[in-house]
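Everything in the sequence shown is counted per my numbering, starting at 2 for the first residue and increasing by one.
Below: one structure, written as structure tokens.
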Amino acid sequence: TFTCFPIPANTMTSDPQEWIDLPADFLFQDPLYGSSTSSFDFISDSSPDGSDVSSVESSPKQLTDFTEHIEQASRTLMEGFPTENIKDIKHVIYNLLVESYNNPGKTTLCQPIVINEGGVMKEGFRFVESEHPDKRIPELYSQFVRRARLDEQDPYSIFTQDLYRFYHRACLELLSKYFKKLDKYTYLYIESPLFIEGLPLHEAEYRVRNMKTIARKRSKR
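This is how it looks when you write it as structure tokens:
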């Protein structure tokens, strides 16, 4: 058995064919900080001596939004691989983890985790089922490996439904060549993590380029 924990923000570390190159409006958009002023309602009041004062009334949601704004503004945003430089599945996972890091408090498709496996803490990532990976993974695979838009096909076609299942399985099998698979959507790094907070993009490229499949590592032993 194992226990899965999200990685705290301040401690996050960093064929068919190799996968995908993500849509620009999906992974490479600038983080949204909201407006420069808060949405608090300022209400005029009077002090005992008759002078005007301002008090602030805010809902729990406003306070939560404001707290997330402060937390995000204080983080150093990480840079993802440009679309044209994405060449394999490892680039894709890295960018998904960058998206997760740059958007604290937001549920994203892929998130970092720490697993307590037999008393040993190990890092990895997981696809969040509420984000519909069974649909989004095959669509990404289709767009950037097969160079076709599966999401634009007739969803009621038996052929389209078969492609969704095939591409979904192909992507997960490709992931399991590089990462230890714990369950359908949970994977652990074999060596160093793909994403390491604070390190530049060229170092991430070095890690991606030098990551070998599990089979190749075993053959060298």
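Yeah, the Cβ is synthetic: ideal placement off N, Cα and C, and Gly gets one too.
If you're wondering where the values come from, they're calculated on a predicted model, not measured in any experiment.
Fill in: Rounded Cβ spacing between Glu124 and Tyr190 (contact assumed at less than 8 Å)
On the sequence shown, position 123 is the one that residue 124 refers to. On the sequence shown, position 189 is the one that residue 190 refers to. Their Cβ separation, rounded to whole angstroms, is 6 Å, which keeps Glu124 and Tyr190 in contact under 8 Å.
Discussion item. Taking its Cβ as the centre, do 16 or more other Cβ atoms sit within 10 Å of Ile138, making it buried, or is it exposed?
Written reply: Along the sequence shown, one-based indexing puts residue 138 at 137. It counts as buried.
Item to complete: Would you mind giving the Cβ-Cβ distance between Cys111 and Ile94, rounded to the nearest angstrom? I have them listed as a contact below 8 Å.
Response: Translated into positions along the sequence shown, residue 111 becomes position 110. Translated into positions along the sequence shown, residue 94 becomes position 93. Contact check for Cys111 and Ile94: beta-carbon distance about 6 Å, within the 8 Å limit, so the pair qualifies.
Discussion item. Counting C-beta neighbours from all protein chains within 10 Å, is the total for Asp1 16 or more, i.e. buried, or is it exposed?
Written reply: Here the chain has residues from 2 to 222 only, and residue 1 is not among them.
Fill in: Whole-angstrom distance between Lys218 and Leu28, CA atom to CA atom
Looking up residue 28 in the sequence shown gives position 27. Looking up residue 218 in the sequence shown gives position 217. Unreliable positioning characterises Leu28 in this predicted model, as indicated by a pLDDT of 44, which lies under 50. A coordinate reading is not provided.
Worksheet entry | Beta-carbon proximity list for Val209, same chain, < 8 Å, skipping 5 on both sides | Counted from its first residue, the sequence shown places residue 209 at position 208. By the criterion of a C-beta distance shorter than 8 Å, Val209 is surrounded in its chain by Asp89, Lys91, His92, Tyr95, Leu195, once the five residues flanking it on both sides are discounted.
Discussion item. Would the stretch 164-172 count as touching the stretch 138-155 if we require 3 or more Cβ pairs under 8 Å?
Written reply: yes
Fill in: Straight-line Cα distance separating His203 from Arg76
For the purposes of this step, residue 76 is taken as the residue at position 75 of the sequence shown. For the purposes of this step, residue 203 is taken as the residue at position 202 of the sequence shown. Distance between the alpha carbons of Arg76 and His203 is about 20 Å.
Worksheet entry | Whole runs of the beta strand (DSSP E) within the stretch 62-140, excluding any shorter than 3 residues | 111-118, 121-128
Worksheet item: With burial defined as no fewer than 16 other Cβ atoms inside 10 Å of the residue's Cβ, what is the status of Val121: buried or exposed?
Response: By one-based count along the sequence shown, residue 121 stands at place 120. Exposed, because fewer than 16 other Cβ atoms sit within 10 Å of the Cβ of Val121.
Fill in: For Lys213, three-class secondary structure by DSSP
On the sequence shown, residue 213 is found 212 positions in, with the first residue counted as 1. DSSP places Lys213 in coil when its eight states are reduced to three.
Discussion item. Using C-beta distances below 7 Å, list every residue in its chain close to Pro134, excluding the 5 sequence neighbours before and after it, in chain order.
Written reply: On the sequence shown, position 133 is the one that residue 134 refers to. The answer, listed in chain order, is Leu110, Phe128, Tyr186.
Practice prompt. Spatial neighbours of His169 within its chain, please: CB distance less than 7 Å, with the 5 preceding and 5 following residues excluded, ordered by chain position.
Written response: Your numbering for residue 169 matches position 168 in the sequence shown. Contacts found: Asp135, Ile138, Pro139.
Fill in: Status (buried if at least 16 other CB within 10 Å, exposed otherwise) for Ser56
Taking the sequence shown and counting its residues from 1, one reaches residue 56 at position 55. Per-residue confidence for Ser56 stands at a pLDDT of 39, beneath the threshold of 50, marking its modelled position as unreliable; the derived number appears in the next sentence. Looking at its Cβ environment, which holds fewer than 16 other Cβ atoms inside 10 Å, Ser56 is exposed.
Worksheet entry | Outcome for Phe160 when other beta-carbon atoms lying within 10 angstroms are tallied against a minimum of 16 | Locating residue 160 in the sequence shown gives position 159, counting from the first residue. Around the C-beta of Phe160, fewer than 16 other C-beta atoms lie within 10 Å, and the residue is accordingly described as exposed.
Practice prompt. Look at the Cβ atom of Tyr102, then the Cβ atom of Glu198, and state whether they are nearer than 8 Å.
Written response: Here residue 102 refers to the residue found at position 101 when the sequence shown is read from its first residue. Here residue 198 refers to the residue found at position 197 when the sequence shown is read from its first residue. Yes, Cβ-Cβ distance for Tyr102 and Glu198 is below 8 Å.
Fill in: beta strand (DSSP E) segment containing Tyr188, residue limits
For the purposes of this step, residue 188 is taken as residue 187 along the sequence shown, with counting starting at 1. Run containing Tyr188: 187-189, per the beta strand (DSSP E) assignment.
Worksheet entry | Host alpha helix (DSSP H) of Lys178 (start-end) | Here residue 178 refers to the residue found at position 177 of the sequence shown. 159-179 is the span of the alpha helix (DSSP H), which, as asked, contains Lys178.
Item to complete: Check each candidate in Lys107, Lys182, Phe126 and name the one with the smallest Cα separation from Val115.
Response: Residue 115 sits at position 114 when you count from the first residue of the sequence shown. For Val115, the nearest C-alpha among the options comes from Phe126.
Worksheet item: Can you tell which of Ala149, Asn117, Arg147, Thr108 has its C-alpha closest to the C-alpha of Glu130?
Response: Indexing the sequence shown from 1 puts residue 130 at position 129. Selected option, being the one with the closest Cα: Thr108.
Worksheet item: Of all Cβ atoms in chain D, is any one closer than 8 Å to the Cβ of Asn211?
Response: The question asks about chain D, but that chain is absent: this structure has only one protein chain.
Discussion item. Distance check for Met79 and Ala216, CA to CA, integer angstroms please.
Written reply: Start at 1 with the first residue of the sequence shown, and residue 216 comes out as number 215. Start at 1 with the first residue of the sequence shown, and residue 79 comes out as number 78. In this structure, the CA atom of Ala216 is about 31 Å from the CA atom of Met79.
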